[in-house]
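Trainee:
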Amino acid sequence: MSYNDAQTRLNLSAGLASVSVAVVLVGMKLWALWATGALSIAASLADSAMDLLISGAGLGAIIYAARPADDDHAFGHSSVEDLASLGQALFVSVSAIAIAIAAGGRLLSQEPQALAAEGAGILVMALSATLTLGLVAWQARVARKTGNKVVAADMLHYVGDLLPTIGAILALWLSSRFGWAKVDSIVALIAAAIMLRGAGQIGVSAWHALMDRAAPQEIIDRIAGIARTWPGVMGFHDLKTRTAGAKIFVQLHIELDGAQSLDAAHEIAASLKRTIIEAYPQAEVIIHKDVWRG
362 MSYNDAQTRL NLSAGLASVS VAVVLVGMKL WALWATGALS IAASLADSAM DLLISGAGLG
422 AIIYAARPAD DDHAFGHSSV EDLASLGQAL FVSVSAIAIA IAAGGRLLSQ EPQALAAEGA
482 GILVMALSAT LTLGLVAWQA RVARKTGNKV VAADMLHYVG DLLPTIGAIL ALWLSSRFGW
542 AKVDSIVALI AAAIMLRGAG QIGVSAWHAL MDRAAPQEII DRIAGIARTW PGVMGFHDLK
602 TRTAGAKIFV QLHIELDGAQ SLDAAHEIAA SLKRTIIEAY PQAEVIIHKD VWRG
């Protein structure tokens with residue numbers, strides 16, 4: 362199996378797991394909201410509902426991005442991952458703002474809304490947290506192996522969902538034990554702030570990729586270090602990179618001894634390209650050969 366095939370299967374497994382968990386979480390939290398009336402659960406439910414929409418779109422993006430290059434998309438389809446991530450950030454931001462408005466209104470109300478069935482709500486949210494932890498662990502592994510931005514963004518959503526879920530458990534327990542109903546609204550406001558922060562990070566990363574921002578500096582430095590010390594390379598210039606989804610596009614001009622044969626020059630460039638791809642399997646590398654002028 363090639364690297365790309367293995368990468369695609371891992372990304373698809375993470376996408377399918379995300380959609381499946383989101384469906385289960387939405388169903389559980391709908392029941393918990395109906396039973397308790399807790400706004401903190403509503404915040405967690407809204408986050409899970411958005412996760413379901415986003416995860417579905419993300420799965421579609423993963424499938425589309427895996428398509429090979431064609432005449433209309435000579436560099437492949439991986440930029441759809443950045444578009445999907447940007448859409449995810451917008452959805453999460455709108456959801457967070459709506460939750461914050463509702464929580465603020467309830468917090469300022471003179472008649473705090475009493476919660477009910479706190480024990481059942483706590484049980485449901487604890488099960489939700491357990492499912493979410495399992496999904497996050499798998500997504501983190503996939504994102505580490507493939508560098509897929511959709512999987513990484515989805516993982517951030519679920520990490521963000523863990524905090525409001527734990528907060529909802531705390532709010533329900535405090536309401537049941539001490540009658541502190543307003544804690545529910547405070548937890549919802551904190552959850553909304555966390556969601557907005559995560560959405561901002563995802564959105565900025567996707568925007569930079571869509572604007573052809575260079576790869577991270579540590580990647581550029583490592584590629585430069587490989588080229589600088591490569592046997593037969595007298596010098597290099599015009600090292601350029603850009604990212605699209607999980608892919609890194611690299612262009613590099615190397616300077617070679619003009620007296621050597623074309624076969625020898627080609628082998629130097631080809632072996633350098635193979636080494637860069639071994640270091641970064643998701644890279645697409647183009648190397649241009651120039652004559653060294655001394």
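Residue 586 in our numbering is what sits at position 225 of the sequence shown, and the numbering runs on without skipping anything. Note that the Cβ used here is the ideal one computed from N, Cα and C, for glycine as well. Note that the structure is a prediction, hence the values are computed from the model and not measured.
1) What are the partner residues of GLU579, as DSSP defines its beta bridges?
2) Could you check whether the segment 609-620 touches the segment 550-570, counting it as contact only if at least three pairs of C-beta atoms, one from each stretch, sit closer than 8 Å?
3) Quick check on DSSP: helix, strand or coil for ALA549?
4) Considering ALA644, what are the terminal residues of the beta strand (DSSP E) in which it resides?
5) What separation, rounded to the nearest whole angstrom, lies between the Cα atoms of ARG654 and ILE638?
6) Give the DSSP-derived three-state secondary structure of LEU594 in the structure shown.
7) Below 8 Å on the Cβ atoms is my contact criterion, and I expect ALA560 with ALA450 to pass it. Report the Cβ-Cβ distance as a whole number of Å.
8) Around the C-beta of ASP515, are 16 or more other C-beta atoms found within 10 angstroms, so that it is buried, or is it exposed?
9) Less than 8 Å between the CB atoms is what I'm expecting for GLN562 and SER379, so what's the real figure, rounded?
10) What are the boundary residues of the beta strand (DSSP E) that GLN612 is part of?
11) With which residues is ARG604 paired in a DSSP beta bridge?
12) Can you tell me the Cα-Cα spacing of ILE530 and LEU488, whole angstroms?
13) Is the Cβ-Cβ distance between LEU557 and ALA457 less than 7 Å?
Mentor: This is what the structure gives:
1) For this step, residue 579 is matched to residue 218 along the sequence shown. Among the bridge pairs identified by DSSP, GLU579 is matched with none.
2) The segment 609-620, when compared against the segment 550-570, does not touch it at the 8 Å Cβ threshold.
3) As a first step, residue 549 must be located in the sequence shown, where it is residue number 188. Helix, per DSSP.
4) By one-based count along the sequence shown, residue 644 stands at place 283. Residues 644-652.
5) Here the question's residue 654 lines up with position 293 in the sequence shown. Here the question's residue 638 lines up with position 277 in the sequence shown. Spanning the two alpha carbons is a distance of roughly 28 Å.
6) Within the sequence shown, residue 594 is the residue found at index 233, counting from 1. Checking the sequence shown, residue 594 turns out to be Val, not Leu. The answer is coil: DSSP assigns VAL594 none of H, G, I, E or B.
7) Start at 1 with the first residue of the sequence shown, and residue 560 comes out as number 199. Start at 1 with the first residue of the sequence shown, and residue 450 comes out as number 89. ALA560 to ALA450, Cβ: 4 Å. Contact.
8) Within the sequence shown, numbered from 1, the residue matching residue 515 stands at position 154. Its Cβ being crowded by 16 or more others within 10 Å, ASP515 is buried.
9) Position 201 of the sequence shown holds residue 562. Position 18 of the sequence shown holds residue 379. Going by Cβ atoms, the distance from GLN562 to SER379 rounds to 18 Å, so no, they are not a contact pair.
10) Indexing the sequence shown from 1 puts residue 612 at position 251. Looking at the DSSP string, the run of the beta strand (DSSP E) that includes GLN612 is 608-617.
11) As a first step, residue 604 is located in the sequence shown; it is residue number 243 there, counting from the start. One detail in the question is off: residue 604 reads as Thr in this sequence, not Arg. ILE609, per the DSSP bridge assignment.
12) Indexing the sequence shown from 1 puts residue 530 at position 169. Indexing the sequence shown from 1 puts residue 488 at position 127. Distance between ILE530 and LEU488, taken at the CA atoms: about 11 Å.
13) Working through the sequence shown from its first residue, we reach residue 557 at position 196. Working through the sequence shown from its first residue, we reach residue 457 at position 96. LEU557 places its beta carbon less than 7 Å from that of ALA457.
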